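Beneath this line is the structure, given in structure tokens, with notes to follow.
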Amino acid sequence: MSHESRKIKNPLISSVVLNETNEYPRYIDDKLSQLRRLRVEKPIIYIGAGTCGIVAGAHKSAAAVRNYLNEFKIKAEVIEVGCIGLCSAEPLIDIQLPGKNRLAFSNITHEKVFGLLDAVFNNTLHEASLYQFKTDNLVTWEGVPFISQIDFFSRQKRIVLKNCGIIDPLSIEEYIAYDGYKAFGKAILNYTSADICQMIELSGLRGRGGGGFPTGEKWNIALNAQSDQKYLICNADESDPGAFMDRALIEGDPHKLIEGMAIAAYAIGASQAFVYIRSEYKLAVKNLENAIQQARDMGLIGNNILDSGFNFYLQIKIGAGAFVCGEETALINSIEGKRGTPEPKPPYPAVKGLFGKPTIVNNVETLANVPSIVQNGPGWFTNMGTETSKGTKVFALSGKSLTTGLIEVEMGTTFRTLIYDIAGGVKDYKDFKAMQIGGPSGACLDSSCLDIPIDYENLEREHAMMGSGGLVLMDENTCMVDVSKFFMKFLQNESCGKCIPCREGTRRMLEILESITKKPTDDDKHESLERFKGVMMLEELAEVIQDTSLCGLGQTAPNPVISTLRYFRDEFEEHIFDRQCRANVCKGLKTFYIHTDKCTGCTICSRKCPTSAIIGVQRNPHFIVQDKCIGCGICYEACKFNAISVH
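The sequence shown begins at 1 in my numbering and counts up one residue at a time.
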């Protein structure tokens, strides 16, 4: 069928989306050049306005930019883009002058805007210049490296994040100019649903949100299920502490997700799709709603898309933020209006899911990989990664890393490369201690794991999992027992309570951890023995929870404790037997002393002590009764003579 017979009204769709030759009429070429900013007639100022940028002050910087332009009557275009991944450099501002390369500047808070624009508009480099984008036939800024030469970007393989921070997330035309929706048009006009499923299966794409189940295999189950209605769900309920890659992708490139979902729906024979996203992601929801409306207006969502006979409808479902709703059956219950609790499996959602119909649940990153695979072929994807884990993986690096942000690397890259070569290592020249991967149900790994090539099997051998890709870096000042307690408290609070092993088991594990991070009291003479017995039971209790819990949350809940015991057992023993925390983090184990040679007897510490543990006479040295001290540190903070020390 010819392009003309399809009667596609929009020239970008008829000339770009449906064109496989990349040869366009002159007027389309000109339009694409404008959309790709290959040449600009007036200055363009790009402001990184993802959530991380906004928190750093991007909105104030944007207001200052507009004030400057108004004050000096400069005609320029201001575009708010998503996060490019370099979160620690926010607010980021890029400036492109006519005839010159786009130039990026870091940490441009509102008070720096006027100085920056003064310099750039006078063709002078500013000290905050970070990198420039290389564009043919445009003038290069001397002395500024290209983005491909920056350590943070040079070792990355950006496929999912390719457009983030580069294009205007509110413009479907700009997305199309960068070959957007081309894969979708190719899929529904040239391939059957079975062909697409086979393509994804051959590519080796695995789920990027949990255990890494083969995506193509999952799709085939739903495709072959007999039903009058099937559903596709995108799980954007990113609930892991330290994970923000899904949010950033939707904020910065929402059309990529929509295109991936449209192809996935076609592959499994579904006409209705949902994006399940947490209510806290207000900017992501706003940008996604805008993108859905634009796709509808262009005829890429709705009835008989591109005259192919394929119908596709997409809705957003706002979740309440429950961690357990990341589990697919709990998520499905939530969409149906029920309480978000998991269901026993089998049957799996691919056979019986939403409203009892075959349903596929994939996360954001998984679906964002689909357009590139369809466009470039499965072989292109299999050439990246390891033997069993193909493609790339996006990590959200946070914690004590020198550079924090989003990093997309090829599977098989080592943690050492990711942390030291790309992110610059541990900040403040501290020693590396641990990294926590896989979310709260993941694992804490020590320095012996830095040279492990990242893939699903290697992490499984270390009793860890990829999860959604949150990677939290910890330095020498971290207490690993306290970390275990933090994650166990999170999981215990987020347990839906439906099954006893998870509900009661996580509570008991938390009680044990709390008992070893505080001093024994005089009230119970057997408390020391109980502390020791409790820790001895941790591993046995963990096995019971793993084996008998209903869903993935309970089955993986003991992971943080088990992994920490495996790699940092000496810290547990130190807390139990020596009653000391080497990182000086656990308040209940802190010991405070008053140096009599420095104490003036001012009585401030004794008056502020909540347990009356400090005794002494005014104008004479005071003393701390250790049996009464709860380690709150109020005395330490109150002392004006540095007479109190902590051990």
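Just so you know, even glycine gets a beta-carbon here, dropped at the ideal spot from N, CA and C.
Note that this is a predicted model, so its numbers are computed, not measured.
Same chain, Cβ closer than 6 Å to residue i, five either side skipped, listed in chain order
i	result
residue 97	43
residue 93	47, 105 and 108
residue 424	402 and 403
residue 244	396
residue 246	236, 238 and 364
residue 202	378
residue 153	147
Three-state secondary structure assigned by DSSP to residue i
i	result
residue 196	helix
residue 297	helix
residue 475	strand
residue 158	coil
residue 234	strand
residue 403	coil
residue 251	helix
residue 46	strand
residue 4	Note on residue 4: pLDDT 40, under 50, position unreliable in the model; the coordinate value appears next. DSSP places residue 4 in helix when its eight states are reduced to three.
residue 30	helix
residue 244	coil
residue 644	strand
residue 213	coil
residue 625	coil
residue 469	coil
residue 206	strand
Separation of residue j from residue i, as counted between CA atoms
i	j	result
residue 241	residue 616	46 Å
residue 300	residue 159	22 Å
residue 88	residue 155	18 Å
residue 252	residue 112	25 Å
residue 23	residue 15	9 Å
residue 556	residue 55	32 Å
residue 549	residue 455	26 Å
residue 295	residue 188	16 Å
residue 77	residue 66	10 Å
residue 460	residue 412	14 Å
residue 664	residue 37	Missing from the structure shown is residue 664; the chain here goes from 1 to 647 and no further.
residue 595	residue 620	12 Å
residue 171	residue 71	28 Å
residue 3	residue 18	Since pLDDT at residue 3 reaches only 40, below the 50 mark, its modelled position is unreliable, and the value read off the structure follows with that caveat. Approximately 7 Å between the Cα atoms of the pair.
residue 458	residue 467	13 Å
residue 321	residue 277	8 Å
residue 349	residue 232	10 Å
residue 237	residue 280	10 Å
residue 259	residue 471	28 Å
residue 311	residue 445	47 Å
residue 82	residue 58	11 Å
residue 479	residue 138	52 Å
residue 128	residue 452	36 Å
residue 368	residue 217	18 Å
residue 650	residue 234	Residue 650 falls outside the range modelled here, since the chain spans only 1 to 647, and no answer is possible.
residue 375	residue 426	39 Å
residue 102	residue 140	9 Å
residue 212	residue 475	29 Å
residue 580	residue 464	28 Å
residue 612	residue 511	27 Å
residue 551	residue 439	16 Å
residue 487	residue 572	16 Å
residue 538	residue 504	13 Å
residue 386	residue 406	21 Å
Cβ-heavy atom distance, residue i to the ligand MN, below 8 Å
i	result
residue 229	No copy of the ligand MN appears in this structure; indeed no ligand is present at all.
Start and end residues, beta strand (DSSP E) containing residue i
i	result
residue 63	That residue, residue 63, is in no beta strand (DSSP E); its alpha helix (DSSP H) goes 58-71.
residue 188	First-last for residue 188: 182-190, but that is the alpha helix (DSSP H), not the beta strand (DSSP E).
residue 96	93-96
residue 79	77-81
Residue i - containing alpha helix (DSSP H), residue span
i	result
residue 174	172-177
residue 634	634-638
residue 515	500-515
residue 481	480-494
Contacts around residue i, its chain only, beta-carbon distance under 7 Å, and the 5 residues preceding and following it disregarded
i	result
residue 6	Confidence at residue 6 is low in this model, with a pLDDT of 46, below 50, so the placement of that residue is unreliable and no value is reported for it.
residue 270	230, 231 and 232
residue 517	481, 482, 485, 575, 586, 588 and 589
residue 263	183, 184, 187, 196, 370, 371 and 374
Close Cβ partners of residue i (< 8 Å) along its chain, the five nearest in sequence each way excluded
i	result
residue 157	384, 392, 408, 409 and 410
Practice item. May I have a chain-ordered list of the alpha helix (DSSP H) segments no shorter than 4 residues that lie completely inside the segment 544-622? Key: 552-556, 559-573 and 604-608
Review point. If you scan the segment 338-397 from start to end, which runs of the alpha helix (DSSP H) of 4 or more residues do you find wholly inside it?
Key: 364-376 and 378-382
Practice item. Write down every uninterrupted run of the alpha helix (DSSP H) in the segment 261-342 whose length is 4 residues or greater and which is fully enclosed by it, in chain order. Key: 282-297 and 328-335
Check your understanding: Unbroken beta strand (DSSP E) runs of length 3 or more, entirely within the segment 432-457: which are they?
Key -> 432-437 and 443-445
Point to revise | Start-end ranges of the alpha helix (DSSP H) lying completely within the segment 101-139, minimum 4 residues | key: 113-121
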